[in-house]
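Here it is in structure tokens:
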């Protein structure tokens, strides 16, 4: 089962075993282009580290239709009727085999195990490597009650080994409320799994900057999966399947619009940035952001449109942009 599908199952929490061994079209600027290269916004005081670091068993490949969801004992509360920007880093090491790793933030209401919202990332973690997986996004609690968003993980053996395998969750793993309750926000998840042979704009979202605000922030994250093999999944059929890797470009594009819908100003987070995703890693999360997108008074509206430009180099494999809670674009005012 692809990592990208692991978030749809009911979860069963478990605890760590302390004694176990140790993933095209050219951008046209229709009036002016502003390039901003920025680091992620600074962390808030509300960062909750895992209360359950240590070594976990890796689930055998043969049982991956029934994944065990490990509770990493860290959570954030989103008050009823409010929206928060949650960011989480799962930091793992000492995997004894290539391990399908799902990084999950599951949000439920008190007294219920029903998922109200979630954030999801998936990646194959290589044996012996130290790997950080970032998942983040906007979570809105219903007016009927608070949400508690808890950090979880799934670990499945990607090698098919018959031996007991393990992976270590580091104590630096955390989930964070970045800014507290947001003043305004908009978010769109990628609606469908989409194969990319050349170029694509993922998870387009629109947002109106509130009156008086002079800048907004934006994030654009995509989970991608490489296409390869003699018997590829159906969506990869017809794409490029050979080469051993995909070369994926990403660029976060934010357009401020005029009142007639035309593009007034385009802001990007820099040039198209490429990353190689090998078939061993296979699934990979790519994160992009703007920490300050100007609201131009020269434009005839305060409306914005944003998406993540994703490219697949034609000299390597095609890719799939994963859908739903794995790939998203958001704009907000903290």
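In this note's numbering, the protein residues as written are 652 to 985.
We put the CB at the ideal spot given by N, CA and C, even for glycine.
Closest by C-alpha distance to residue i, when choosing among the options
i	options	result
residue 961	748, 849, 951 and 981	849
residue 701	716, 718, 710 and 722	722
residue 889	881, 896 and 895	881
residue 945	774, 983 and 913	983
residue 909	887, 919 and 950	950
residue 745	959, 819 and 835	819
residue 784	760, 795 and 756	756
residue 697	930, 832 and 836	832
residue 854	884, 896, 835 and 904	904
residue 794	724, 803, 825 and 734	734
residue 942	830, 896, 803 and 763	830
residue 749	790, 931, 883 and 792	931
residue 730	775, 800, 776 and 780	800
Buried or exposed by the 16-neighbour rule on C-beta atoms within 10 Å, applied to residue i
i	result
residue 988	No answer is possible for residue 988: the residues shown for the chain start at 652 and end at 985.
residue 973	buried
residue 865	exposed
residue 922	exposed
residue 716	exposed
residue 752	buried
residue 916	buried
residue 939	buried
residue 732	exposed
residue 811	exposed
residue 971	buried
Start and end residues, beta strand (DSSP E) containing residue i
i	result
residue 973	Looking at the DSSP string, residue 973 is not in any beta strand (DSSP E), and its letter there is neither H nor E.
residue 952	Here residue 952 belongs to no beta strand (DSSP E), and DSSP marks it neither H nor E.
residue 905	896-908
residue 939	934-945
residue 884	Note, residue 884: premise wrong, no beta strand (DSSP E); not H, not E.
residue 859	850-859
residue 768	768-776
residue 744	734-744
residue 724	721-729
residue 816	816-820
residue 781	No beta strand (DSSP E) holds residue 781; DSSP gives it neither H nor E.
residue 926	924-929
residue 765	Segment: none, residue 765 is in no beta strand (DSSP E) and carries neither H nor E.
Three-state secondary structure assigned by DSSP to residue i
i	result
residue 713	helix
residue 800	strand
residue 879	coil
residue 968	coil
residue 988	This structure cannot settle anything about residue 988, because the visible part of the chain is limited to 652 through 985.
residue 760	coil
residue 846	strand
residue 795	coil
residue 890	coil
residue 809	coil
Own chain partners of residue i with C-beta closer than 8 Å, once the 5 adjacent residues on each side are dropped
i	result
residue 710	718, 719, 805, 806, 807 and 808
residue 616	What is shown of the chain runs 652 to 985, which leaves residue 616 out entirely.
Own chain residues within Cβ distance below 6 Å of residue i, not counting five before or after
i	result
residue 898	925, 927, 964 and 967
residue 786	739, 754, 770 and 772
residue 870	940 and 981
residue 937	873 and 901
residue 860	867, 946 and 953
Cutoff 8 Å: residue i Cβ touching any chain C Cβ
i	result
residue 841	Given the protein chain composition of this structure (a single chain), no chain C is represented.
7 Å CB neighbourhood of residue i in its chain, flanking five on each side removed
i	result
residue 976	658, 769, 770, 771 and 840
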